[in-house]
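Enquirer:
Residue numbers (my numbering), protein chains in the order written: chain A, 84 to 309; chain B, 20 to 138.
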């Protein structure tokens, strides 16, 4: 027990995965890469870089991969879990800061927020800021909790939260589902400002308007029916 | 009798035969068989005697029988779409559970294998 584990969901990320795993290992005892049915060398490269690799036989989406990764981390004896994107947009030292915040012991859930302080927006493109704001408003309307970055992939869970979280959606909408879980299970939350690194590569991988609409519909469905 | 009536009647008969065949193979619940048969018999009756929809239309307060049939069919279609959507979501979740269970088992076997090698 007492391990810090970083979980990285990855789908066709052979370009970035080696560097991401190596830098993550500086801030955690273990790194779990969930290879979400990639058709490239993601799994092999992640393993060579020192990660424990969990392989989805078919692509199930980032939410499903996060669920698998968190469960794997719990089985490996994680005391705290931090999730991180595989496309290189997060800095490993920010994952370290999320671990530090969890270690203070008064919160169960930490969001690494790219928008916590406006000067930390860094080079987040304006359309991303807008999309994020819509995500935040929708998250607030559906689940009644205001967070400054509902779509951030860098977040931390205490042992208790990692053990009890239940993600039912498979795609990007699961990022808001974390917030629902936090509210339902009465976890205490904190936000830690982080800096995102936007490259053309990471921008091509993330959300766009149409993904956003799909995510919104699924969330509404999840809230009222599913 | 118009051509459209013959087409509709034939289709209703075909649909009923499919329902019965699926039931005989054990793929359908009795309640569903009953509901589908009632539905297709109603389609057959309306095709044969279009005037029956006027009775229903008058009773419901809709102007024309054909309009009533349209409204009702839309209702049925939306309901079925909604149900299929829910079913798909269920399947999606179940598939994730299977994929996840497999992935975790493989990880544990991998790690156990490594330990044995070291030991």
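Ideal Cβ positions, reconstructed from N, Cα and C, are used throughout, including at glycine.
Keep in mind that this is a model prediction, so the values were computed, not measured.
Keeping to the same chain, check which residues put their C-beta closer than 8 angstroms to that of residue 184/A; ignore five residues upstream and five downstream.
Expert: As a position in the first chain, residue 184/A is number 101, starting the count at 1. Around residue 184/A: 190, 193, 239, 273 and 275.
Enquirer: If you measure between the beta carbons of residue 159/A and residue 88/A, is that distance less than 8 angstroms?
Expert: Here residue 159/A refers to the residue found at position 76 of the first chain. Here residue 88/A refers to the residue found at position 5 of the first chain. Their beta carbons are under 8 angstroms apart, which means residue 159/A touches residue 88/A by this criterion.
Enquirer: Start and end of the beta strand (DSSP E) containing residue 161/A?
Expert: Reading the first chain from its first residue, position 78 is the one you call residue 161/A. Note, residue 161/A: beta strand (DSSP E), 161 to 166.
Enquirer: Closest Cβ-Cβ distance between residue 249/A and chain B: below 8 angstroms?
Expert: Here residue 249/A refers to the residue found at position 166 when the first chain is read from its first residue. False, the Cβ-Cβ gap to chain B never drops below 8 angstroms.
Enquirer: What separation, rounded to the nearest whole angstrom, lies between the Cα atoms of residue 106/B and residue 302/A?
Expert: Position 87 of the second chain, counted from the start, is the residue given in the question as residue 106/B. Position 219 of the first chain, counted from the start, is the residue given in the question as residue 302/A. Answer to the nearest angstrom: the Cα atoms are 17 angstroms apart.
Enquirer: Using a C-beta cutoff of 8 angstroms, does residue 96/A count as contacting chain B?
Expert: Stepping through the first chain from its first residue, residue 96/A is reached at position 13. For residue 96/A, the answer is no, since every Cβ of chain B falls outside 8 angstroms of its Cβ.
Enquirer: Using the Cβ count rule (16 or more neighbours within 10 Å means buried), how would you classify residue 72/B?
Expert: For this step, residue 72/B is matched to residue 53 along the second chain. Buried, since its Cβ has 16 or more Cβ neighbours within 10 Å.
Enquirer: Name the chain A residues whose beta carbon is nearer than 7 angstroms to that of residue 122/B?
Expert: Translated into positions along the second chain, residue 122/B becomes position 103. Near residue 122/B (Cβ distances below 7 angstroms), the residues of chain A are 137, 138, 139 and 151.
Enquirer: With DSSP as the reference, label residue 84/A as helix, strand or coil.
Expert: The residue you call residue 84/A lines up with position 1 of the first chain. In this prediction, residue 84/A has a pLDDT of 44, which is less than 50 and means its spatial position is unreliable; nothing more can be read from the coordinates.
Enquirer: Could you give the distance in angstroms between the alpha-carbon of residue 34/B and the alpha-carbon of residue 41/B?
Expert: In the second chain, counting from the first residue as 1, residue 34/B sits at position 15. In the second chain, counting from the first residue as 1, residue 41/B sits at position 22. If I take the Cα positions, the gap works out to 11 angstroms.
Enquirer: Anyone know if the C-beta pair for residue 222/A and residue 198/A falls short of 8 angstroms?
Expert: For the purposes of this step, residue 222/A is identified with residue 139 of the first chain, where counting begins at 1. For the purposes of this step, residue 198/A is identified with residue 115 of the first chain, where counting begins at 1. For residue 222/A and residue 198/A, no; Cβs fall outside 8 angstroms.
Enquirer: Is there a Cβ from chain A that is less than 8 angstroms from the Cβ of residue 102/B?
Expert: The residue you call residue 102/B lines up with position 83 of the second chain. Answer no: the Cβ-Cβ gap between residue 102/B and chain A never drops below 8 angstroms.
Enquirer: Beta-carbon within less than 6 angstroms of residue 173/A's beta-carbon, same chain only, minus the 5 sequence neighbours each way: which residues are those?
Expert: Within the first chain, residue 173/A is the residue found at index 90, counting from 1. These residues qualify, in order along the chain: 167 and 237.
Enquirer: Given a threshold of 16 other Cβ atoms within 10 Å of its Cβ, counted over all protein chains shown, does residue 54/B qualify as buried or as exposed?
Expert: Position 35 of the second chain, counting from 1, holds the residue named residue 54/B. Looking at its Cβ environment, which holds fewer than 16 other Cβ atoms inside 10 Å, residue 54/B is exposed.
Enquirer: What residue range does the beta strand (DSSP E) around residue 240/A cover?
Expert: On the first chain, residue 240/A is found 157 positions in, with the first residue counted as 1. Unbroken beta strand (DSSP E) run through residue 240/A: 238 to 241.
Enquirer: Flag residue 128/B as yes if its beta-carbon sits less than 8 angstroms from any beta-carbon of chain A, otherwise no.
Expert: Locating residue 128/B in the second chain gives position 109, where the first residue counts as 1. Closer than 8 angstroms: no.
Enquirer: Are three or more beta carbon pairs between the region 110 to 121 of chain B and the region 130 to 149 of chain A nearer than 8 angstroms?
Expert: With a cut-off of 8 angstroms, the region 130 to 149 of chain A and the region 110 to 121 of chain B count as touching, because enough Cβ pairs lie within range.
Enquirer: Do you know how far the Cα of residue 137/A is from the Cα of residue 88/B?
Expert: The residue you call residue 88/B lines up with position 69 of the second chain. The residue you call residue 137/A lines up with position 54 of the first chain. Near 54 angstroms, if we compare the C-alpha coordinates of residue 137/A and residue 88/B.
Enquirer: Contact criterion: CB-CB distance below 8 angstroms. Does residue 158/A meet it with respect to chain B?
Expert: On the first chain, residue 158/A is found 75 positions in, with the first residue counted as 1. For residue 158/A, the answer is yes, since a Cβ of chain B falls inside 8 angstroms of its Cβ.
Enquirer: Go to residue 272/A, then tell me how far its beta strand (DSSP E) extends in each direction, as first and last residue.
Expert: On the first chain, residue 272/A is found 189 positions in, with the first residue counted as 1. That run of the beta strand (DSSP E) goes 272 to 276.
Enquirer: Check each candidate in 26/B, 65/B and 126/B and name the one with the smallest Cα separation from residue 154/A.
Expert: The count along the first chain starts at 1 and reaches residue 154/A at position 71. Closest option to residue 154/A, Cα to Cα, is 126/B.
Enquirer: Measure the C-alpha to C-alpha separation of residue 108/A and residue 94/B and round it to an integer number of angstroms.
Expert: Within the first chain, residue 108/A is the residue found at index 25, counting from 1. Within the second chain, residue 94/B is the residue found at index 75, counting from 1. Their backbone Cα atoms lie some 56 angstroms apart in a straight line.
Enquirer: State buried or exposed for residue 84/A, treating a residue as buried only when at least 16 other CB atoms are found within 10 Å of its CB.
Expert: Numbered from its first residue, the first chain carries residue 84/A at position 1. Summary for residue 84/A: the model assigns pLDDT 44, below 50, so the residue's position carries little reliability, and this model does not support an answer.
Enquirer: On the DSSP bridge list, what partners appear for residue 25/B?
Expert: Residue numbering aside, residue 25/B sits at position 6 when the second chain is read from its first letter. BP columns for residue 25/B are empty, so no partner.
Enquirer: Please list, in chain order, all residues of the same chain as residue 91/A whose beta carbon is under 6 angstroms from its beta carbon, the five residues on each side excluded.
Expert: Here residue 91/A refers to the residue found at position 8 when the first chain is read from its first residue. Contacts found: 116, 167 and 169.
Enquirer: Does residue 84/A get closer than 8 angstroms to chain B when you measure Cβ to Cβ?
Expert: Here the question's residue 84/A lines up with position 1 in the first chain. Its pLDDT being 44, under 50, residue 84/A is placed unreliably in this model, and the value from its coordinates should be taken loosely. Closer than 8 angstroms: no.
Enquirer: Give me the residue from 97/A, 261/A, 210/A and 227/A with the minimum Cα distance to residue 122/A.
Expert: Indexing the first chain from 1 puts residue 122/A at position 39. When each option's Cα is compared against that of residue 122/A, the closest is 97/A.
Enquirer: Got a sec? Which residues, its chain only, sit under 6 angstroms from residue 125/A by beta carbon, not counting five neighbours each side?
Expert: Against the first chain, residue 125/A aligns to sequence position 42. Result list for residue 125/A: 93, 96, 97, 100 and 118, in chain order.
Enquirer: For residue 102/A, is the classification buried or exposed, using 16 other Cβ atoms within 10 angstroms of its Cβ as the cut-off for buried?
Expert: The residue given as residue 102/A occupies position 19 in the first chain. Exposed is the call here.
Enquirer: For residue 154/A, go through chain B and note every residue whose CB falls closer than 8 angstroms to its CB, in chain order.
Expert: Working through the first chain from its first residue, we reach residue 154/A at position 71. Per Cβ cutoff of 8 angstroms: 119 and 123.
Enquirer: Should residue 129/B be counted as a contact of the ligand MG given a C-beta to heavy atom distance under 7 angstroms?
Expert: With respect to the ligand MG, the structure offers nothing, as it holds no ligand at all.
Enquirer: Can you give me the C-alpha to C-alpha distance between residue 281/A and residue 213/A, rounded to a whole angstrom?
Expert: In the first chain, counting from the first residue as 1, residue 281/A sits at position 198. In the first chain, counting from the first residue as 1, residue 213/A sits at position 130. So the two alpha carbons sit approximately 16 angstroms from each other.
Enquirer: May I ask which residues mark the beginning and end of the alpha helix (DSSP H) holding residue 210/A?
Expert: Within the first chain, residue 210/A is the residue found at index 127, counting from 1. First-last of the alpha helix (DSSP H) with residue 210/A: 209 to 226.
Enquirer: For residue 43/A, collect the residues of the same chain with a Cβ closer than 7 angstroms to its Cβ; drop the 5 residues on either side in sequence, then sort them by chain order.
Expert: For residue 43/A there is no data in the structure shown, the boundaries of chain A being 84 and 309.
Enquirer: Counting only runs that start and end within the region 98 to 167 of chain A, where is the beta strand (DSSP E) found for 3 or more residues in a row?
Expert: If we require 3 residues or more, the beta strand (DSSP E) runs fully inside the region 98 to 167 of chain A come out as 113 to 119, 135 to 139 and 161 to 166.
Enquirer: Determine which residues share a DSSP beta bridge with residue 69/B and list them.
Expert: Numbered from its first residue, the second chain carries residue 69/B at position 50. Bridge partners of residue 69/B: none, in fact.
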